[in-house]
Amino acid sequence: MAGEYDYLIVGSGLFGCVFVHEAALAGKKCLVVERRSHVGGNIYCSQKEDINIHQYGAHIFHTSDKELWDYVNQFVEFNNYVNSPVANYNGELYNLPFNMNTFAKLWNIATPAEAAAKINEQKQAIKGEPRNLEEQAISLVGTDIYEKLIKGYTEKQWGRKCQDLPAFIIKRLPVRYTFDNNYFNDRYQGIPLGGYNRLTEALLADVEVRTGVDYNEEREKFVGMADKIVYTGALDAYFGYKLGELEYRGLRFETERYAEMNHQGVAVMNYTSAEVPYTRSIEHKHFEFGRQPVTYVTKEYPAAWKRGEEAYYPVNDERNQKLYSQYAKMAQAEKNVIFGGRLAEYKYYDMDDVIKSALATVKKELQVKC
Ligand code: FAD
Ligand code: UDP
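Take the position in the sequence shown, starting the count at 1, then add 1047; the result is the number in this note's numbering.
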């Protein structure tokens, strides 16, 4: 018997929103259920005194894919924000990502050749292919930068030693021999005008949504209700943790209001020493060039994660990847369920990649269905 809906979408993050938008456009009847009290997943912003607060950590949209950029621009226009965080190492300030501004301040040098000579000399410490994050970092930027700007930050962030972390994590960061503080190499970048909720609202316009519903806890209510399920929650949770728990890194946010216009002068300040317990402090108004008389600043504390709490970063080490592949096999055998997004795929996904993945999934799905 056919269900009342063509698709039941579990989760209203970007993956769910993009999937449902396209499915609804194609005439499919859809229902979205969301565990939280609001839609948007991790890109959700709350509002305080006309300032958009990135409730689940700072989000900067960036992509090199023109088609994808055109796709999101159908729904929202983006401002010209360029992420240029500043690193604070016990009060010493350095520009990020690692570039000529960083090298000049650190070593009192002026040319790319001088910077390259310094890094070359320091990276001799590493022989052969880097085997972990520490070796990868030193071979990219040398020991001084590793000690001041990477080691403390990374060990706080991940709760383990750099020698025990995979090298790929640090490869995300550009290293440049130019005076360029743009954190990303991508062609397109910005924050939606009016904030991220505008994007979510546009994607979900005219879609039926129920918030405050945890699908895994209320599953029996939905049996037979839809022909297919699109599940964007955690994979181990879907299977009742049958094979064990996938590990995540948690975060705790502390937001303070200041009766001043400009508290730290930059949207993102990274605290890179081990002594400071938080990794970043975010002054939200700077993402949108706010001129309000007050400001809100959020400190981001990395934390151990426990089941039931928001899962922020997947810990993609060997043990977890192995467990994930076992769950992924079970997922493949699940009939009429599509799994997607950062939780179901247990993947460190940027927003543009999640949208791309949702578009590819829905396109394939609608072709199959037609
Ligand atoms: P989510 O946004 O997590 O959405 C999943 C939704 O499913 C959630 O709303 C959740 O509540 C819901 N859900 C889960 N389980 C259930 C259930 N059982 N029942 C009902 N609902 C359920 N990307 C960038 O491109 N730029 C950035 O600057 C950036 N910064 C980031 C900073 C942080 C701290 C983090 C954690 C991520 C960042 N990202 C960034 C990544 C970005 O957040 C993700 O790419 C994107 O939000 C993923 O969308 P999603 O739909 O896969 O997952
Ligand atoms: N990183 C660092 N120092 C910094 C910023 C980043 O060592 O000041 C390292 C850290 O290991 C982090 C990784 O680079 O996990 C990727 O940084 P990114 O800013 O992309 O992290 P995200 O925004 O995804 O938390």
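Don't be surprised by glycine CBs; every beta carbon is placed ideally from N, CA and C.
- DSSP, read as helix, strand or coil, puts F1286 in coil.
- Distances from the CA of K1403 to each of S1131, A1070 and L1115 were compared; the closest alpha carbon is that of L1115.
- Only buried fits P1239, as 16 or more other CB atoms lie within 10 angstroms of its CB.
- Around the beta carbon of E1301, a 10 Å sphere encloses fewer than 16 other beta carbons of the protein chains shown; the residue is thus reported as exposed.
- By the 16-neighbour rule on beta-carbons within 10 angstroms, T1225 is exposed.
- With respect to the 8 Å criterion, P1132 and N1317 are classified as neighbours on the basis of their beta carbons.
- For N1142, no alpha helix (DSSP H) segment is defined; the enclosing uninterrupted segment is the beta strand (DSSP E) at E1139 to N1142.
- Sequence-distant partners of Y1054 (beyond 5 residues in either direction) whose C-beta falls short of 8 Å from its own C-beta, in its chain, are F1066, V1067, A1070, K1075, K1076, C1077, L1078, A1273, D1274, K1275, I1276 and V1277.
- Beta-bridge partners assigned by DSSP to G1297: A1350.
- Distances taken from the Cβ of H1333 to the heavy atoms of ligand 1 include none shorter than 7 Å.
- E1356 carries a coil assignment under DSSP once its states are collapsed to helix, strand and coil.
- Beta-bridge partners assigned by DSSP to F1386: Y1278.
- Residue environment analysis places L1072 among the exposed positions, since fewer than 16 neighbouring C-beta atoms fall within 10 angstroms of its C-beta.
- Here the region 1086-1106 lies against the region 1320-1331, with 3 or more beta-carbon pairs under 8 Å apart.
- In the DSSP assignment, C1209 falls outside any beta strand (DSSP E) and carries neither an H nor an E.
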